[in-house]
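Asks:
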Amino acid sequence: MVKESDNGVLTVTELTAGIKTLLEETFPYVSVSGEISNYKRHSSGHAYFSLKDDRSQLRCVMWRSANRKLTFEPEDGMEVLARGALSVYDVQGQYQLVAQQLKPVGAGALQAAFERLKAKLEKEGLFREEHKQALPSFPERVGVVTSASGAAIRDIIQVLRRRAPWVSIILRPAPVQGEGAAAEIAAAIEELNDHGAVDVLIVGRGGGSVEDLWAFNEEAVVRAVFQSRIPVVSAVGHETDYTLTDFAADLRAPTPSGAAEIVVRDLRELKDRSEAVLRRLCGSMTGYLDRSRQRVAAAVTSYGLRRPVDQIGQYAQFTDELTRRLADRCFHDHETRAQLVGGLAGRLQALSPLSVLERGYAVCQRASDGRIVRDADELSVDDRVNVRLRKGEAFCRVEHLHDGAETSGSAARGKRREEAPATFGLFEDSNNTEPA
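Numbering (the numbering used here), first residue to last: 432 to 867.
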């Protein structure tokens, strides 16, 4: 009860505190259903909203610690069931519900939440085919994220041991339903990625209701599957059950055992394929050998191998023909060049100064420097000259010079005779027997 003052007057704070105590003691925990209105998530992580029906409304607050456990994204107009305690906000003097849990009411509400989150993630591109990774053809280590005590892990182990006994199984146990399951599943996927020794991941659980499978519809799990560097196979529930994890995974399997069949090749299948390849290889080799035998047989019966001497004779005859043609060509070229050389030699002989000497001419050269004397003016009396004849040379001394000009009258000729010495002259007239 509220304690009154001596004059029976209460302050606002005292009255509010009394009402708060009365409400918290009278309604320590309540469940309230209604439609969400004015939903707002503060930057601190706390959420503020109202629950209303057709006649009244109730202000609500949900602290960050409880808000992080939500399996869906609340929105205005959504029918929900809120559980928590009544309290009074002293500052405004308003009572409110401090919600500790919040769940959609009915399957219709869950489906609506499913569709809203699906549309959001699809818009971000988390479900696009270009982001899908191919599964390894022959994995050596298979990682599994599921409950350690569920039927799913037993089915997976049984199928893997039957189909591929050489494969190692790495289990990262995680709760697959209830509070905190989504965070555990997301953490398990991240841990196996950090582990680095897993070739492919199976994430899933056995069948159940929509509420049981809801952890695989939560945004944290979907994003962890999308961001996985290891190819992920989603195996949640039965064949007719679809979760958002199925859309984000690289491949969806109808059941956990179906996922185990997908990720590994069956030993019997591998044996059958190996035998088929071996049969094809043997057939190819047999065909190749048969074709080679036919080619050898054809070569043995060919003309070249049946009569090799004839082939050699034909090549010898062809060689002789080439030799004869080469000799004819060389002889023809020799005759042509001999005629050319003969013509050039004749022209050279005609131009040779020796030919001039053959006709009775001589070449006079100064003895001092060997220069050819073309004019009598180039010499003086007593000069030494060499006279080259057709055969041999004469070494002479000039005793008299005549410039070649004609003199008239016998007196002049007589005068020259008197002056000239009675010796042989170089330029004497060959018909004159008398000394010049």
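Glycine included, every Cβ here is placed at the ideal spot set by N, Cα and C.
Using only CA atoms, which one of S468, K551, K451 lies nearest to V522?
Replies: K451
Asks: Whole alpha helix (DSSP H) runs in the segment 674 to 760 with 4 or more residues, listed along the chain?
Replies: 675 to 679, 687 to 694, 698 to 731, 734 to 737
Asks: I need the straight-line Cα distance from R797 to R768, nearest angstrom please.
Replies: When rounded, the distance between both Cα atoms is 42 Å.
Asks: Between G581 and V607, which are expected to be in contact by the criterion C-beta below 8 Å, what is the C-beta distance as a whole number of angstroms?
Replies: 7 Å
Asks: Using the C-alpha atoms, what's the distance from G524 back to N624?
Replies: 51 Å
Asks: Please list the segments of the beta strand (DSSP E) lying wholly inside the segment 518 to 564, counting only runs of 3 or more residues, in order along the chain.
Replies: 525 to 535
Asks: Using the rule of at least 16 other Cβ atoms within 10 Å of the residue's Cβ for burial, across every protein chain shown, is Q780 buried or exposed?
Replies: exposed
Asks: Enumerate in chain order the residues of its own chain whose CB-to-CB distance from I601 is below 8 Å, with the five nearest sequence positions on each side excluded.
Replies: Around I601: R572, V573, G574, V575, L623, H626, A628, V629.
Asks: Looking at the secondary structure, which residues open and close the alpha helix (DSSP H) in which A646 lies?
Replies: Careful: A646 lies outside any alpha helix (DSSP H) and carries neither H nor E.
Asks: Which residues in the same chain as R472 place their Cβ atom closer than 7 Å to its Cβ, once the five residues preceding and following it in sequence are excluded?
Replies: A478
Asks: Let me check understanding here. Comparing Cα to Cα, which of V536, P535, A516, R654 lies closest to E555?
Replies: The shortest Cα separation from E555 among V536, P535, A516, R654 belongs to R654.
Asks: Would you check if there are 3 or more beta carbon pairs closer than 8 Å linking the segment 562 to 572 to the segment 686 to 696?
Replies: yes
Asks: What does the alpha-carbon distance come out to for the pair A614 and V631?
Replies: When rounded, the distance between both Cα atoms is 21 Å.
Asks: Among residues of its own chain, excluding the 5 on either side of T444, which ones have a beta-carbon nearer than 6 Å to its beta-carbon?
Replies: none
Asks: From what residue to what residue does the beta strand (DSSP E) around Q589 run?
Replies: Q589 -> not in any beta strand (DSSP E); alpha helix (DSSP H) instead, spanning 582 to 594.
Asks: Please classify N469: is it buried, with 16 or more other beta-carbons within 10 angstroms of its beta-carbon, or exposed?
Replies: exposed
Asks: For the alpha helix (DSSP H) that S496 lies in, which residues bound it at each end?
Replies: 495 to 498
Asks: Name the DSSP bridge partner or partners of K822?
Replies: Answer is none; K822 lacks a bridge partner.
Asks: Does DSSP put L832 in a helix, in a strand, or in coil?
Replies: coil
Asks: With a threshold of 8 Å between beta-carbons, can T767 be considered close to chain C, or not?
Replies: No chain C is present in this structure, which holds just one protein chain.
Asks: Would you say L557 and A651 are within 8 Å of each other, going by their C-beta atoms?
Replies: no
Asks: Excluding five sequence neighbours on each side, which residues of the same chain lie with their C-beta closer than 6 Å to the C-beta of Q532?
Replies: R514
Asks: DSSP three-state label for E622, please.
Replies: Three-state result, E622: helix.
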